[in-house]
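Numbering (this note's numbering), first residue to last: 2 to 260.
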């Protein structure tokens, strides 16, 4: 009998998945652009003296956005190919104040209160233990600092929550969970942070680029199409499901400060 293939931890699955698609994410319009980016820049309100942490930087759009107005940006990611792509773009743009570090967000090497601003964009739904990560990020925040958590948000309605997370994990097995804004506020509170919603928007996901970006296997793409085709009227309306299987999800920025 064949020996079963050992399963990988979620952390290793995230690393392997995103290491293979760094170039796709670097040119993704969802990640390189977005209604949230100007809001992140406004909320950051940088004056040139701040130490900034980009937590789960991917190919670096947030680092590149904030570096010109920060003293230093530290960009952290699990994936070395993602970091290498971010380094290359930073060099092309002559951004010399970004420091790149490969690491696990639940266990970072810097002293307490090292950062004035921490931003995590489209990374939190991959955290195996979101409480551990937010607690670590809270440790690193200065007493007057701010955490900006930017991600797709699950609805309070259990039906919509289940449908969204089913879509996400079918597309990408390294997905853990899209949490609701209320769940993120509770997680932040447990870590000693007070969280408030700052901005919400509707994020349209064009189906073909969405699955191509993460290299979803064809059988899973077929299953996604079937799931979208079979959605109830309530789900179709909530996610604005289109004939080509494109759909819309809620995004939000949650801002958290130390108590």
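Note that beta-carbon positions come from the ideal geometry of N, C-alpha and C, so glycine has one too.
Taking residue 211 as the reference, give the member of 10, 31, 13 with the closest Cα.
Looking up residue 211 in the chain shown gives position 210. When only C-alpha atoms are compared, the closest one is 31.
Would you grab the beta carbon distance between residue 172 and residue 215 for me? Rounded to a whole angstrom, and I think it's under 8 angstroms.
Along the chain shown, one-based indexing puts residue 172 at 171. Along the chain shown, one-based indexing puts residue 215 at 214. Right, the Cβ-Cβ distance comes to about 6 angstroms (below 8 angstroms), so this counts as a contact.
Thinking C-beta only, is residue 117 closer than 9 angstroms to residue 51?
Here residue 51 refers to the residue found at position 50 when the chain shown is read from its first residue. Here residue 117 refers to the residue found at position 116 when the chain shown is read from its first residue. When the beta-carbon positions are compared, residue 51 and residue 117 come within less than 9 angstroms of each other.
Alpha carbon of residue 174 to alpha carbon of residue 10, nearest angstrom:
Your numbering for residue 174 matches position 173 in the chain shown. Your numbering for residue 10 matches position 9 in the chain shown. In this structure, the alpha-carbon of residue 174 lies about 11 angstroms from that of residue 10.
Helix, strand or coil, according to DSSP, for residue 209 in the structure here?
In the chain shown, counting from the first residue as 1, residue 209 sits at position 208. Residue 209: helix per DSSP, three-state reduction.
Contact between the stretch 175-184 and the stretch 60-67 is defined here as three or more beta-carbon pairs at a separation below 8 angstroms; is this criterion met?
They do not touch, by the three-pair rule.
Flag this pair as touching only if the stretch 76-86 and the stretch 45-59 have three or more C-beta atom pairs under 8 angstroms; answer yes or no.
Contact between the stretch 76-86 and the stretch 45-59 is established, with three or more Cβ pairs separated by less than 8 angstroms.
Residue 225 CB to nearest chain B CB: under 9 angstroms?
This model lacks chain B altogether; it includes just one protein chain.
Looking only at its own chain, which residues have a Cβ that is under 6 angstroms from the Cβ of residue 124, when we skip the five neighbours before and after it?
One-based indexing of the chain shown puts residue 124 at position 123. The residues are 57.
Going by CA-CA distance only, name the one from 240, 115, 198, 108 that's closest to residue 131.
Locating residue 131 in the chain shown gives position 130, counting from the first residue. Closest in alpha carbon position to residue 131, among 240, 115, 198, 108, is 108.
Determine the direct distance from the alpha carbon of residue 233 to that of residue 226, and round the result to whole angstroms.
The count along the chain shown starts at 1 and reaches residue 226 at position 225. The count along the chain shown starts at 1 and reaches residue 233 at position 232. Distance between the alpha carbons of residue 226 and residue 233: 14 angstroms.
Since residue 259 is in the beta strand (DSSP E), which residue starts that stretch and which ends it?
Taking the chain shown and counting its residues from 1, one reaches residue 259 at position 258. From DSSP, the beta strand (DSSP E) with residue 259 extends over 248-259.
Between the C-alpha atoms of residue 252 and residue 44, what's the straight-line distance to the nearest angstrom?
Here residue 252 refers to the residue found at position 251 of the chain shown. Here residue 44 refers to the residue found at position 43 of the chain shown. Residue 252 and residue 44: Cα-Cα distance of roughly 16 angstroms.
Cβ-Cβ distance between residue 254 and residue 41 below 9 angstroms
Numbered from its first residue, the chain shown carries residue 254 at position 253. Numbered from its first residue, the chain shown carries residue 41 at position 40. In this structure, residue 254 sits near residue 41, with a CB-CB distance shorter than 9 angstroms.
Helix, strand or coil, according to DSSP, for residue 172 in the structure here?
The count along the chain shown starts at 1 and reaches residue 172 at position 171. Helix.
Should residue 245 be labelled buried (16 or more other beta-carbon atoms within 10 Å of its own) or exposed?
As a first step, residue 245 is located in the chain shown; it is residue number 244 there, counting from the start. Classification for residue 245: exposed.
So, helix, strand or coil for residue 70, using DSSP?
Taking the first residue of the chain shown as position 1, residue 70 is located at position 69. Shown here, residue 70 sits in a helix according to DSSP, grouped into three states.
Between the beta-carbon of residue 258 and the beta-carbon of residue 104, is there less than 9 angstroms?
Counted from its first residue, the chain shown places residue 258 at position 257. Counted from its first residue, the chain shown places residue 104 at position 103. No, the pair does not count as a contact, with Cβ atoms beyond the cut-off.
Considering only their Cβ atoms, is the gap separating residue 96 from residue 68 smaller than 9 angstroms?
To locate residue 68, count along the chain shown from 1; it is residue 67. To locate residue 96, count along the chain shown from 1; it is residue 95. Contact check for residue 68 against residue 96 passes: the beta carbons are separated by less than 9 angstroms.
Are the CB atoms of residue 115 and residue 150 nearer to each other than 9 angstroms?
The count along the chain shown starts at 1 and reaches residue 115 at position 114. The count along the chain shown starts at 1 and reaches residue 150 at position 149. Contact: no.
With DSSP as the reference, identify every bridge partner of residue 202, one or two as the case may be.
As a first step, residue 202 must be located in the chain shown, where it is residue number 201. Within the DSSP secondary-structure output, residue 202 pairs in a beta bridge with 252.
Residues near residue 183 in its chain [Cβ-Cβ closer than 8 angstroms; skip 5 each side]:
Sequence index remark: in the chain shown, residue 183 carries index 182 (1-based). Here the set comprises 157.
Pairwise C-alpha distance: residue 99 and residue 90:
Within the chain shown, the letter at position 89 stands for residue 90. Within the chain shown, the letter at position 98 stands for residue 99. If I take the Cα positions, the gap works out to 11 angstroms.
For a test of the three-state rule: what should DSSP assign to residue 76, helix, strand or coil?
By one-based count along the chain shown, residue 76 stands at place 75. DSSP places residue 76 in strand when its eight states are reduced to three.
Going by Cα to Cα distance, which pick from 240, 235, 13, 88 is closest to residue 129?
The residue given as residue 129 occupies position 128 in the chain shown. Closest by alpha carbon: 13.
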